[in-house]
Each structure stands twice: as C-alpha cells, then as structure tokens.
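Input: a single structure, listed below in structure tokens.
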Amino acid sequence: MRRLALLSLALFLAACDSNDSDSSVAEYGDLVTVAYEGRLTDGTVFDGSIGLTFVLDEGLIPGFRNNVIGMTVGEFKTFQVPPEEGYGDNPPPGSGIPAGATLEFDVELLAVR
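Reminder that position 57 of the sequence shown reads as 1363 in the working numbering, one-by-one numbering, no gaps.
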C-alpha cells in the first residue's frame, strides 16, 4: 500500500512538472512574449513594452534574438548589443538610436508558444 501511495505521488509530481510553463525555453522560431526596455549606454530609453509577442527569428537584430534564445519563462536578463549585432550604421529612422550605437536591454521572458 505504501509503495502504491509513493508511486501515485511520484506520477502526480512528474505530471505537474511536465505541465509547468516556467520550464519552457525560448528557441529559434518560437512565438514568445516579453517585457523589455531598450536604451542607449547613456541611459536614454528608445523603446520598451510589456507583453510584446513576436516570432524569435531573422526579423530581429541578431544581438537581441541570440540573447533571448535559451531564456526560460520568468527569467530576467540584462545585456548589451554591440553595433555589429544591432543596427550598425543604419538605425531605424525616427528611433532616436544614433548610428554605431551600443544598445542595452532589460528583458523578461513572459511566455513561449
């Protein structure tokens, strides 16, 4: 009887663990939701969002994409993106990002689908 109870408990815990979305890891091609802030190295904020959903693919600057890949749901990460992995000499018009800028990001991964 004790073995049956322990086996039942082990199966229950395994099932709970396998359904735990906090263990989801962001991979290339996933649909992810993040909260983030992007800023210049002088602290000037150029962008930010809470609950932004996008596909983790080639449509992103490489330095942002590569830092989000491998994050787990609930993880918070701060990182810098050098110009060659960001916008280089061609930042988006009207973004407030100067050419050749190093970018800093605070990112929290909220969901992976």
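Heads up, the beta-carbon is just placed ideally off N, CA and C, and yes, glycines get one too.
> beta strand (DSSP E) containing residue 1418: first to last residue?
Replying inline: For residue 1418, the uninterrupted beta strand (DSSP E) segment begins and ends at 1409-1418.
>> By the DSSP assignment, the alpha helix (DSSP H) with residue 1374 in it spans what residues?
In response: Bounds of the alpha helix (DSSP H) holding residue 1374 are 1368-1374.
>> Please classify residue 1285 as buried or exposed, where buried requires at least 16 other C-beta atoms within 10 Å of its C-beta.
In response: With the chain covering 1307 to 1419 only, the question about residue 1285 has no answer from this structure.
>> Cutting at 6 Å between CB atoms, please list the residues of its own chain near residue 1384, excluding the five before and the five after it.
In response: The answer, listed in chain order, is 1412.
> Looking only at its own chain, which residues have a Cβ that is under 6 Å from the Cβ of residue 1382, when we skip the five neighbours before and after it?
Replying inline: For residue 1382, the CB contacts under 6 Å within the same chain, skipping 5 residues up- and downstream, are 1414 in chain order.
> Excluding sequence positions up to five away, which residues of its chain have a Cβ less than 6 Å from the Cβ of residue 1369?
Replying inline: Cβ-Cβ distances below 6 Å link residue 1369 to 1387, 1391, 1392 in the same chain, with the five nearest sequence neighbours on each side left out; the list follows chain order.
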